[in-house]
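Numbering (our numbering), first residue to last: 67 to 460.
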Ligand code: NAD
Ligand code: MG
């Protein structure tokens with residue numbers, strides 16, 4: 067029986083993870099569930115899965131939650147409040163696997179702590195890896211932790227890698243990665259109309275049902291930019307060896323091209339329970355609850371290159387990897403601030419890359435050799451992005 071800690075339990079990935087756990091309660095026991103503010107969802111999850119610990123990051127909501135469980139069947143569950151508690155629960159002895167499914171930089175310290183504690187890290191929170199890069203990968207190696215990608219593309223690539231492949235190592239016979247992308251909701255929208263895109267249009271992804279931040283990232287294709295950086299780190303590959311391929315049907319979730327000309331692809335219905343179940347059962351397999359792929363309903367699969375004029379965020383991510391050092395951290399931080407401003411209807415959709423580019427221009431790619439340096443770059447980039455937004459909206 068493995069103990070699992072689900073960081074970000076109330077989000078899209080968290081909910082899908084619990085759906086898989088429910089099918090395999092003979093193999094997994096929920097030890098921890100965490101939420102930021104959504105205590106309504108957290109309460110229902112705790113009543114169903116009866117974890118030992120629940121964490122609420124928001125202080126006021128945490129107190130409310132403590133009062134809510136009094137007199138219920140989960141009254142003796144331990145409730146911790148605040149961001150530091152995420153690190154505490156990610157490193158508990160009773161936890162074997164940590165699902166890192168918090169969105170954004172807020173997930174960094176807990177994911178890193180899980181890595182340092184030698185846990186099996188199921189990594190959905192790509193932002194933490196993009197921010198901390200080599201430090202995160204080194205922590206995995208030093209602690210002998212197992213890192214399994216949950217992002218569908220990276221999980222697909224992992225599945226197409228040679229047997230016994232370990233994240234962060236070389237795979238000399240793999241010559242290229244083909245990183246697929248759906249192209250999001252605006253793949254064919256006339257360029258002149260992009261500035262008028264509404265929040266509702268941007269979060270309505272044609273193939274995947276996801277949280278709001280990653281949905282906007284998919285619409286700008288910053289998601290693919292972050293994933294390009296993520297793939298370089300997870301598979302120890304230079305960015306030139308990773309090709310972004312737009313594949314609107316989202317049936318192939320990425321491919322690995324080998325030196326002999328063989329190209330291996332992983333296919334499946336676009337449902338995150340597939341990569342989640344893959345990582346949870348690894349190195350075995352078990353049922354994910356997803357219906358079998360009906361190959362006849364696929365009919366056709368299209369592939370096209372990504373247009374960097376249409377998707378400047380992808381270009382900015384490529385520039386951030388080439389620059390190296392703290393630049394991916396700056397890119398990620400400025401993107402988080404810009405996306406939030408767009409979701410709050412402060413800036414237009416087409417302002418997102420403007421905010422990121424103007425912020426990046428204010429930084430030089432100094433080495434990202436310590437966690438302190440990374441956290442400082444993250445903080446400064448957020449402040450810079452806020453300045454740019456202020457200047458844009460007057
Ligand atoms: P979501 O918005 O649905 O859920 C986010 C979760 O994080 C919630 O449980 C929320 O309570 C928690 N959270 C938010 N802010 C927090 C904070 N400041 N402190 C602590 N917890 C906080 O997001 P999601 O779509 O589930 O995505 C989660 C992560 O997984 C992201 O990094 C995303 O890029 C990645 N991912 C998601 C999908 C998907 O299909 N949803 C696919 C691939 C990768
Ligand atoms: Mg993905």
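Ideal placement from N, C-alpha and C gives every residue a C-beta, glycine not left out. Just so you know, these numbers come straight off a predicted model, no measurement behind them.
For residue 239, the shortest separation between its Cβ and any heavy atom of the ligand NAD does not lie below 8 Å. Closest in alpha carbon position to residue 417, among 456, 241, 142 and 446, is 456. In this structure, residue 228 sits away from residue 221, with a CB-CB distance that is not shorter than 9 Å. Exclusion of the five residues before and after residue 80 leaves 72, 74 and 167 as the residues of its chain whose Cβ lies within less than 6 Å of its Cβ.
One alpha carbon belongs to residue 91, the other to residue 97, and they sit about 12 Å apart.
Rounded to whole angstroms, the Cβ separation of residue 193 and residue 292 is 7 Å, and the two are in contact under 8 Å. Here residue 364 has 315 and 317 as same chain residues with Cβ atoms under 7 Å from its own Cβ, once five neighbours each way along the sequence are excluded.
Using a Cβ distance threshold of 9 Å, residue 440 and residue 387 do not count as a contacting pair. Just so you know, the alpha carbons of residue 231 and residue 237 end up roughly 8 Å apart. CA-to-CA, the gap between residue 409 and residue 263 works out to about 11 Å. DSSP places residue 417 in the uninterrupted alpha helix (DSSP H) bounded by 417-426. Fully enclosed alpha helix (DSSP H) runs of no fewer than 4 residues occupy 218-226 of the region 211-243, in order along the chain.
According to the DSSP assignment, residue 122 belongs to no alpha helix (DSSP H) but to the beta strand (DSSP E) extending over 119-122. Here the alpha carbons of residue 127 and residue 94 stand approximately 28 Å from one another. Residue 267 counts as exposed, since fewer than 16 other C-beta atoms from the protein chains shown sit within 10 angstroms of its C-beta. Non-local beta-carbon contacts of residue 155 in its own chain, meaning distances under 6 Å to residues more than five positions away in sequence, involve 71, 98, 119 and 121 in chain order. With respect to residue 244, residue 309 sits close: the two C-beta atoms are nearer than 9 Å.
The C-alpha of residue 223 is placed about 12 Å away from the C-alpha of residue 298. Cβ atoms of residue 86 and residue 342 come within 8 Å of each other, at about 5 Å.
Between residue 89 and residue 283, the C-beta gap is not smaller than 9 Å, which leaves the two residues out of contact. One thing to note: residue 329 has its Cβ no nearer than 9 Å to the Cβ of residue 400. Taking the Cα of residue 255 as reference, the smallest distance to any Cα among 436, 373 and 429 is reached at 373.
Look at residue 436 here: in three-state DSSP terms it is coil, with no helix or strand label. Residue burial is scored here from C-beta neighbours: residue 286 has at least 16 other C-beta atoms within 10 angstroms and is therefore classed as buried. In this structure, the C-beta of residue 435 stays at least 8 Å away from each heavy atom of the ligand MG.
By the criterion of a C-beta distance shorter than 8 Å, residue 130 is surrounded in its chain by 105, once the five residues flanking it on both sides are discounted. In this chain, residue 136 is not harboured by any alpha helix (DSSP H), its DSSP state being neither H nor E. For residue 376, the closest of 213, 429, 259 and 443 by C-alpha to C-alpha distance is 259.
In chain order, the residues that have a beta carbon nearer than 6 Å to some heavy atom of the ligand MG are 217, 218, 219 and 293. Non-local beta-carbon contacts of residue 170 in its own chain, meaning distances under 7 Å to residues more than five positions away in sequence, involve 193, 279 and 402 in chain order. DSSP places residue 176 inside the alpha helix (DSSP H), whose first and last residues are 174-182.
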